[in-house]
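If you read the sequences in order, they're chains A and B.
Residue numbering for the first sequence follows the numbering used here, starting at 185 and increasing by one per position.
Residue numbering for the second sequence follows the numbering used here, starting at 6 and increasing by one per position.
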Amino acid sequence: GENVEQHPSTLSVQEGDSAVIKCTYSDSASNYFPWYKQELGKGPQLIIDIRSNVGEKKDQRIAVTLNKTAKHFSLHITETQPEDSAVYFCAAIEDFGNEKLTFGTGTRLTIIP
Amino acid sequence: EPEVTQTPSHQVTQMGQEVILRCVPISNHLYFYWYRQILGQKVEFLVSFYNNEISEKSEIFDDQFSVERPDGSNFTLKIRSTKLEDSAMYFCASTTQRGSSEAFFGQGTRLTVV
């Protein structure tokens with residue numbers, strides 16, 4: 185089955201700086217890679233996703249890049265703000281044959297004012 | 006914005022008791038899921054449900070677990086005889102597409118088994 189590794193487990197950045205979180209996956213058939221933000225006491229919220237037919241996707245201050253050959257994908261947050269502080273999870277799925285998302289272990293991002 | 010709603014937000018139960026966790030998925034969604042997150046660990050898949058039947062389940066989802074969609078809106082997870090290790094945050098999710106693409110998660114139910 186799929187295995188997703190995520191690094192780092194914790195990340196602190198100064199407000200205004202950029203944050204990068206990286207994930208690797210094991211199943212080359214995986215074709216959909218969402219990123220979730222989980223704030224304290226809340227459920228995971230989808231913030232951006234990418235499919236294997238593109239290499240990069242951007243939504244305002246958030247971007248995701250995918251390297252299919254190396255089987256890794258990354259979340260980039262620019263101009264970080266205090267409200268970006270949360271736990272971020274990457275996930276992967278081969279969504280033609282499977283039902284379940286396989287999640288990474290999570291990154292606790294802290295933005296220092 | 007439509008959202009997945011879960012009740013209760015927190016459930017405390019004695020070991021061996023039955024619990025039912027409830028979810029109201031987004032109304033036009035067709036695929037429904039339960040995930041759980043033990044404190045400090047990653048989110049784990051439990052079960053997926055489509056067209057009134059289970060479409061996939063994990064090894065965690067043993068005979069003590071069951072799901073149903075009794076009235077076309079609620080989606081429930083039942084744990085027949087709870088164990089201490091069932092203590093976790095349980096998340097319901099729904100989507101219009103198979104394979105958890107663009108899945109929307111509820112806020113979760115924290116289950117504490119004592």
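Every residue, glycine too, gets a C-beta built ideally from N, C-alpha and C.
Just so you know, these numbers come straight off a predicted model, no measurement behind them.
- According to the DSSP assignment, residue 94 (chain B) belongs to the beta strand (DSSP E) that extends over 93-100.
- If you look at residue 235 (chain A), you'll find it in the beta strand (DSSP E) that goes 229-235.
- A distance of 8 Å or more separates the beta carbons of residue 116 (chain B) and residue 98 (chain B).
- In the DSSP assignment, the residues bridged to residue 194 (chain A) are A:292.
- For residue 273 (chain A) and residue 67 (chain B), the gap between their C-alpha atoms comes out near 26 Å.
- In this structure, residue 10 (chain B) sits near residue 111 (chain B), with a CB-CB distance shorter than 8 Å.
- In terms of beta-carbon proximity, residue 107 (chain B) lines the interface with chain A, with at least one pair separated by less than 8 Å.
- Per DSSP, residue 12 (chain B) is one residue of the beta strand (DSSP E) stretching across 10-12.
- The stretch 80-89 of chain B and the stretch 275-290 of chain A do not touch, with fewer than 3 CB-CB distances between them shorter than 8 Å.
- According to DSSP, residue pairing for residue 268 (chain A) in a beta bridge does not occur.
- As DSSP reads the structure, residue 54 (chain B) sits in a beta bridge with B:37, B:59.
- The stretch 255-273 of chain A makes no contact with the stretch 17-24 of chain B: fewer than 3 CB pairs, one atom from each, lie closer than 8 Å.
- Only buried fits residue 268 (chain A), as 16 or more other CB atoms lie within 10 angstroms of its CB.
- Restricting attention to B:26, B:57, B:83, the CA atom closest to the CA of residue 69 (chain B) is found in B:83.
- For residue 289 (chain A), the nearest CB of chain B lies under 8 Å from its own CB, placing it at the interface with that chain.
- Using a Cβ distance threshold of 8 Å, residue 52 (chain B) and residue 59 (chain B) count as a contacting pair.
- Judged by DSSP in its simplified three-state form, residue 224 (chain A) adopts coil rather than helix or strand.
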